[in-house]
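Residue numbers for the sequence shown follow the numbering used here, beginning at 23 and rising by one. The beta carbon of each residue, even a glycine, is placed where N, CA and C say it ideally should be. Just below is one structure, and these are the notes that go with it.
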Amino acid sequence: MIYSMTGYGKSVLQLPTKKITIELKSLNSKNLDLNARMPSVYREKELTIRKKLANKLVRGKIDFSIYVEATAEDTSSQINTPAVKQYMAQLKEVVDANELDLLKMAIRFPDALNTVREEIDENEWQAIETAVDNATEDLINHRLNEGKVLEQDFNERVIAIDSILEQVIAMDPERVKGVRERLLKGVEELKEKYDENRFEQELVYYIEKFDITEEKVRLKNHLNYFTESINSKDSNGKKLGFISQEMGREINTIGSKSNYAPMQQLVVQMKDELEKIKEQLLNVL
Numbered sequence: 023m024i025y026s027m028t029g030y031g032k033s034v035l036q037l038p039t040k041k042i043t044i045e046l047k048s049l050n051s052k053n054l055d056l057n058a059r060m061p062s063v064y065r066e067k068e069l070t071i072r073k074k075l076a077n078k079l080v081r082g083k084i085d086f087s088i089y090v091e092a093t094a095e096d097t098s099s100q101i102n103t104p105a106v107k108q109y110m111a112q113l114k115e116v117v118d119a120n121e122l123d124l125l126k127m128a129i130r131f132p133d134a135l136n137t138v139r140e141e142i143d144e145n146e147w148q149a150i151e152t153a154v155d156n157a158t159e160d161l162i163n164h165r166l167n168e169g170k171v172l173e174q175d176f177n178e179r180v181i182a183i184d185s186i187l188e189q190v191i192a193m194d195p196e197r198v199k200g201v202r203e204r205l206l207k208g209v210e211e212l213k214e215k216y217d218e219n220r221f222e223q224e225l226v227y228y229i230e231k232f233d234i235t236e237e238k239v240r241l242k243n244h245l246n247y248f249t250e251s252i253n254s255k256d257s258n259g260k261k262l263g264f265i266s267q268e269m270g271r272e273i274n275t276i277g278s279k280s281n282y283a284p285m286q287q288l289v290v291q292m293k294d295e296l297e298k299i300k301e302q303l304l305n306v307l
């Protein structure tokens, strides 16, 4: 089972005087990169939220937002009546205006409004924490669904590489035969006498240098290990990335040793499938 790092989660909380919306967006990232946006009244709880999200989401570029919309008469600002009256009295001495115009001017001056700092209501915060948990679960489910799509794509590409590898294995005897024939032809064209036994020894040594048996076996094992890791309980994109690197190393070695054009063409096809796997692995948790 694998999880994508891409996901979206949302939860809406309706309180008596306000509507609170929790949103979570996640994109791929090598580590956890959490950006939190919330009203200042909840800032003292930011560290708690960060720890909660880090434990559940593990990795990714996470955007967390709390939006508050007032649905009833609820304000933290109050008119500073003595200050406004004092401003109006002073303005009356310098301008010729009626009471309404004086009020409009006075209300714009500093200290005309007193802002009372809101304190967090613990019952309200408990409800918000539940909403955050719901939004987080929503995002995790989204990640899981995206992961299922990635898993299907990985399995198809691993099967494709394995199928091409079988063609390489079937072609190998023909390749060895072709290498032997080219060497024999080259020596015969020299029209020089040579020790056939010594030449045969050198030929065997040369062909052994281009033997790809170990690479074929290791690549097969890496493909099986990749599939096992996909089907494990934990989603570990970094582990899958390491396995894909080993797969690439064996494919490259087969290509460099093949010395045979038809086999090199198959190697190019395997590389193409592997590159597509590596691109998608960037999105795996």
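In summary, Asn305 is buried, with 16 or more beta-carbon neighbours lying within 10 Å of its beta-carbon over all protein chains present. Pairwise C-beta distances place the region 68-85 out of contact with the region 103-119, as fewer than three of them are shorter than 8 Å. If you draw a straight line from the Cα of Ile88 to the Cα of Thr28, it is about 20 Å long. CA-CA distance, Pro284 to Asn53, rounds to 42 Å.
Considering only Val289, Lys126, Ser62, the residue with the shortest C-alpha distance to Ile186 is Val289. Looking at the DSSP output, Gly29 sits in a beta bridge with Ser48. Shown here, Lys40 sits in a strand according to DSSP, grouped into three states. For Ala92, the three-state secondary structure derived from DSSP is strand. When secondary structure is reduced to three states using DSSP, Phe86 falls in the strand class. With 16 or more other CB atoms across the displayed protein chains lying within 10 angstroms of its CB, Phe248 is buried. Positions of the alpha helix (DSSP H) runs, each at least 4 residues long and wholly inside the region 117-148, are given as 121-128 in order along the chain.
With fewer than 16 other CB atoms across the displayed protein chains lying within 10 angstroms of its CB, Met23 is exposed.
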